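Written below as structure tokens is the structure these notes are about.
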Amino acid sequence: MSLLDKIKGEFIDIVEHLEDGGDTLVWRFPRYQNEIKNGARLVVREGQIAVLVNEGQLADIFHPGTYSLTTQNLPILSTLKGWKFGFDSPFKAEVYFVSSRRFTDQKWGTRNPVMTRDAQLGMVRLRAYGSYVLQVTDVHQLMSQIVGTQAQFDVDDITEQVRNLVVSRFADMIGDAKIPVLDLAPHYDELGQLLEKKIQTEIAEYGLKCFQLLVENISVPEEVERSMDKRASMTAVGESDYSRYQMATAAEVAAGNPGGMAAGGMGLGMGFGMAQQMGNGVANPPPLPGNGSDAIWWIALEGVKNGPHTLAALSLLQASGKLKPETLVWKSGMAHWSPAREVMELRPVFPAEPPPLPKG
């Protein structure tokens, strides 16, 4: 620090931080030898929290407002320093400004694919990304656990750790949820809410809280996408046998092969034959399964029919708090809508309650 800065420091009696709108999470007020005049004015603006630190120990905390730094307003620092009432000499202390605003649109995503086992597709590699909002909720934890003695600490200095935590818990959640890959897209909201709950306890250790964690996309490799497209085409023609669908597709290719009139006629005949077989499949589709994990369920949310859902998807809805024991449910074969608690097949969805404690 130059001589001019030292001279200015002797006459400055306002301690404040004018933010530049960046992503600074913690900023230390620069002061020559950390000396502060008794009676100096501390200005804490909206979205800020000021913290006084004495020789590594957190002392007094100030929320938005203007304060006079005297013994009356510094009870903890006065105790640490052993000051008596009326102390009026300059004192040494570090002043940190912590941003209490919400840092929006923080990104997370999987660098490497997450492996998961799918009942229909086997082992599948998933990639996912999304966003979240970050905010300081415990200044003591933040300062003691991650900031330390740094003069400036930016959001980028912690987002890598948060991102790794989110991705790790995402992998655990996908494995536990057991939702078919084909059914993931309609449940992004529930997945985001469940993921947010999973990381809160761990992220709170840093004095932070995560809000509005969103799962924006879950993608699969291109070969799996092609398989999913074929299955969707099968559904469109009435859930016909997969090999029959492939034969019909081959017939279309043969019919379009410019190998002469005979080949064209053969291809056309095969096309008509396969189409007729597939037509029979459409006229007589197999019934939807009525029992087990493959059953298709509908639920009533806020008076509106919601679905279809697999049993695994219902487990996710229960974990996110949307499916409750009193929620009305229905599936093919049921005479009417019934509360979930009364449906035997849905009992595994709800965690068992322990028996009452023994008396005495």
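The numbering of the sequence shown is my numbering, which starts it at -4 and goes up by one.
A virtual CB, placed ideally from N, CA and C, is assigned to each residue, including glycine.
Predicted, not measured: the structure shown is a model, and the values here were computed from it.
Nearest to V90 by CA position, among K193, D15, R26, is which residue? R26
Quick one: grab the DSSP three-state call for F165. helix
Residues near E200 by beta carbon distance below 8 Å, same chain, minus five either side: Q136, Q140
Do V131 and L309 count as a contact pair if the criterion is CB distance below 8 Å? no
Taking the C-alpha atoms as reference points, what is the distance between I44 and A88? 16 Å
Which of the three DSSP states is assigned to S327 in this structure? coil
Own chain, CB closer than 8 Å to P334, minus 5 neighbours either side, in chain order: P320, E321, T322, L323, V324
Taking 8 Å as the threshold, find out whether the segment 99 to 116 comes into contact with the segment 159 to 173 through three or more Cβ pairs. yes
If you draw a straight line from the alpha carbon of R342 to that of L190, how long is it in whole angstroms? 24 Å
Taking all protein chains shown into account, decide if V299 is buried (16 or more other Cβ within 10 angstroms of its Cβ) or exposed. exposed
Let's test the definition: count the other Cβ atoms within 10 Å of the Cβ of T305 and tell me whether it reaches 16, buried, or not, exposed. buried
Using the three-state DSSP reduction, which class does A114 fall into: helix, strand or coil? coil
Give the secondary structure of N49 by DSSP, where H, G and I count as helix, E and B as strand, and everything else as coil. strand
Please classify E297 as buried or exposed, where buried requires at least 16 neighbouring CB atoms within 10 angstroms. exposed
Looking only at its chain, what residues have a beta carbon closer than 7 Å to the beta carbon of I194, apart from the 5 residues adjacent to it on each side? L160, V161, R164, C205
Within its chain, find whatever has a CB closer than 7 Å to the CB of L13; leave out the 5 residues flanking it on each side and keep chain order. none
State the DSSP-derived secondary structure class of T144, mapped to helix, strand or coil. coil
Within the continuous alpha helix (DSSP H) that includes A199, where are the two ends? 183 to 199
Mapping the DSSP letters down to three states, classify I174 as helix, strand or coil. coil
Span of the alpha helix (DSSP H), counted from its first residue to its last, around S310: 306 to 314
For L352, which of helix, strand or coil comes out of DSSP? coil
Am I right that G187 and V210 are in contact with their C-beta atoms under 8 Å? What's the rounded C-beta distance? 5 Å
Residues in the same chain with beta-carbon distance under 7 Å from H182, minus the five sequence neighbours each way, listed in chain order, please. I174, A308, L311
The beta strand (DSSP E) that contains L410, what's its start and end? Coverage of the chain is limited to positions -4 through 355, which leaves residue 410 absent and any answer about it impossible.
Looking at the structure shown, is V119 part of a helix, part of a strand, or coil, going by DSSP? strand
Which class does D133 belong to by DSSP, given the choice of helix, strand or coil? coil
I'd like the list of long-range same chain contacts for P346, defined as Cβ closer than 8 Å, with 5 residues on each side in sequence excluded. none
Just to confirm, is the Cβ distance from A54 to V109 under 8 Å? no
Member of P59, V93, M118, T144 whose CA lies at the smallest distance from the CA of N49: T144
Alpha-carbon spacing of R40 relative to I213, whole angstroms: 40 Å
Please report how far the alpha carbon of V338 lies from the alpha carbon of G51, in whole angstroms. 60 Å
So, is the C-beta of G316 closer than 8 Å to a C-beta in chain C? Absent from the structure is chain C; it holds one protein chain and no more.
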